[in-house]
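Participant: Pasting a structure here, questions to come.
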Amino acid sequence: MYRKFFLTSTILLLSANIFSQQKEMLIYHTIQTDKSGKIIPWYSKNPGKSYSHVIKLVWEFWDKMRMDMNGLPYYMNHQVWNANFNDPRGIGGDQFAMALSSWRLYYPYSFNERVKANMYFIADYYLTHGMSPVDAKWPSIPFPYNTCIYSGVYDGDMRSGKDVAQPDKAGSFGLELVHVYKISENKLYLEGATKIANTLSAHIKTGNINYSPLPYKINVYTGQTQLLRHYDFTGTWIDTAGYTTNWAPAMQLFLDLIELQTGDTAAYRSGFNTILNWMKTYPMKENKWGPFFEDVDWWSETQINAMTFARFIMEHRGYFPDWKNDVLKIIAWVHRNFGNNKWEKYGVTVTNEQTVYQAAANSHSSRQAADELLYVSLSDDSSMYENAVRELNWATYMVDIDGKNKFPEDEPWLTDGYGDYVRHYLRAMDAIPELTAPDEDHIISSTSVI
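So, in C-alpha cells, the structure goes:
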C-alpha cells in the first residue's frame, strides 16, 4: 500500500515538473531562451547563424513559390500567401520594390545567381506591365495594384481603384531601378528610373501641415488627389490622400541620379531640397508620419514611414546637424506608439505596424531593430543594443522550416515576410558585424557594385 502511494505521488510530481518545464510556442516554434530567460533564436543559440538560416529559408520559399493560373509566379499576382487556394487580393503597394531592395542586398551575401535573375524578372515585368501611359498627366510611374487580379497588368490602387497611383511607391521603384541598372549596366533600367524622377520632380509643391509636396494617391489621368475612405452609410469619401511621408526613397532616387549625372539634375536637386525642407518643417517637428499601406483607406500613422526616414537621416548626417536628437525623437515616438510588451517576460519589446492595426510584426520589428543598431554603430549610445538584438531574435520565430513567414496574428504577407524582412537582417549585420554567421563567408556591404 505504501509503495503504491509512493509511486503514484512520484508520477504526479514528475508530471507537474514536466508540465512546468513546457515552453511557450511562438507561431511555429517553441521559444528558446538563454540562462537568464531572455529570448534567443529558435534555430541556433548563435544569432548570426540563425539570421543567415532564416533569410535563406525565406528566399527559397519565394523562389519556389507556385506558378499561378495566368503563368506568373504567385507573388506577381497576390499580396498574401495561401497554400490551399489563391488569395483574392492583388499585390501589395510596395511589393516589388521591397523585393528588389532585399534581393540586391541578398545577392552579394549569397552569390546565388537566381536572386539576381529574379531581380531582372521583377523589374522587366513591372516596367512593361505596370507603368502609367506616357501621355498621362503623371506619366511613366508604376501602378501599385492589379485591379483585375489575373490580368498580368497593374493599373490602379487597391482602395481607390483603377488609374490611381501612389507617388511614394513610384519613388521606391525608381530607386530600385537605379540599383538594378548598376548591377546589370542595362540602360533601360536607368531610363525607367529617370522617367519616374522626371514625373515626380515636375509635380513637387511646397506642401504644408496637411499636404505633402507630393500626394499619397493621385489619378494619373486627371491629376486629382484622391480621398482616403469610403464611408459606408453615406457613400461619400472622407480624409484626403494628399499626405504621406514616405519620401526617403524618392529623395535617394534624386541624389543617385544627380551623382550619375543623368536626367534633369537641376529639377532633381530642387525637388530634393523642397521635400527636405518640408520634412524638417512638418513631419520631424510634429511627428506626423501618416499612411503607407495599400489596404487601409483611412488615416493611419505608420512605423515604416517614421523609421525609413530615421535611417535616411543616419545615412545622410550632413543634412541634419542635430542628427542624433532627430533620430532619437523619432525612435521615442515609435516606442510610445507602437511598442508591444506582450513578450516582455523574455526581455524583449517588439514593434506594431500602425495605429489602425496594432499588431506585432515581423517586418516592422526587424526594421526597428536594424535601424536602432545602425544608431548604436554611429553613436556612443549602446542602450538600445540588447533589445534590438532580441527583437531580431523574436522575428526569426515568424519563419517556418519551409520558409513561410507571418505575423503572430495574421497571414503570410508577401511584403512583410519577404521583401520587407530580409533586408533588415542584412542591414543589422552590416551595422554590427558580430551578428554575422561564424564560419560562413559572405559579403555584407561593399563600396563598389557587385
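Here the working numbering is used: the sequence shown runs in plain steps of one and ends on residue 450. For every residue, glycine included, the Cβ atom is placed at its ideal position computed from N, Cα and C.
(1) Between which two residues does the alpha helix (DSSP H) harbouring tyrosine 268 extend?
(2) Are isoleucine 330 and alanine 369 closer than 7 Å when you measure CB to CB?
(3) Measure the alpha-carbon distance for asparagine 340 versus histidine 364 and round it to whole angstroms.
(4) For aspartate 87, would you say it is in contact with chain B, using Cβ-to-Cβ distances shorter than 7 Å as the test?
(5) What does a CB cutoff of less than 6 Å around alanine 431 pick up in its chain, not counting 5 residues either side in sequence?
(6) Are glycine 171 and proline 249 closer than 7 Å when you measure CB to CB?
(7) Just to confirm, is the Cβ distance from lysine 38 to isoleucine 31 under 7 Å?
(8) Would you kindly work out how many angstroms separate the C-alpha atoms of phenylalanine 292 and isoleucine 304, rounded to a whole number?
(9) Starting from glutamine 358, follow the alpha helix (DSSP H) in both directions and report where the run begins and ends.
(10) Got a sec, what are the start and stop residues for the alpha helix (DSSP H) threonine 308 sits in?
(11) Applying the criterion that 16 or more other CB atoms from any shown protein chain within 10 Å of the CB defines a buried residue, is glycine 161 buried or exposed?
(12) Compute the Euclidean distance between the alpha carbons of isoleucine 141 and threonine 281, then round it to the nearest angstrom.
(13) Taking DSSP as the reference, what is the three-state secondary structure of threonine 222?
(14) Where does asparagine 277 land, buried or exposed, given buried means 16+ other C-beta within 10 angstroms?
(15) Of the choices Trp59, Asn287, Leu214 and Trp289, whose alpha-carbon is the least far from that of tyrosine 421?
(16) So, with DSSP's three-state summary, where would you put leucine 214?
(17) Are the beta-carbon atoms of serine 201 and arginine 423 separated by less than 7 Å?
(18) For the alpha helix (DSSP H) containing glutamate 191, list its first residue and its last residue.
(19) What separation, rounded to the nearest whole angstrom, lies between the Cα atoms of methionine 429 and glycine 48?
(20) Three-state secondary structure (DSSP) at isoleucine 238?
(21) What runs of the beta strand (DSSP E), each 3 residues or longer, lie entirely inside the stretch 349 to 398?
(22) At the level of alpha carbons, what is the spacing between glutamate 353 and phenylalanine 320?
(23) What's the gap between the Cα of serine 110 and the Cα of lysine 56?
Facilitator: The relevant details are as follows:
(1) 265 to 281
(2) no
(3) 11 Å
(4) The structure shown has no chain B; it contains just one protein chain.
(5) Leu373, Leu374 and Ser377
(6) yes
(7) no
(8) 8 Å
(9) Per DSSP, glutamine 358 belongs to no alpha helix (DSSP H); it is in the beta strand (DSSP E), 357 to 360.
(10) 303 to 315
(11) exposed
(12) 27 Å
(13) coil
(14) exposed
(15) Trp59
(16) coil
(17) no
(18) 187 to 202
(19) 8 Å
(20) strand
(21) 350 to 354 and 357 to 360
(22) 27 Å
(23) 9 Å
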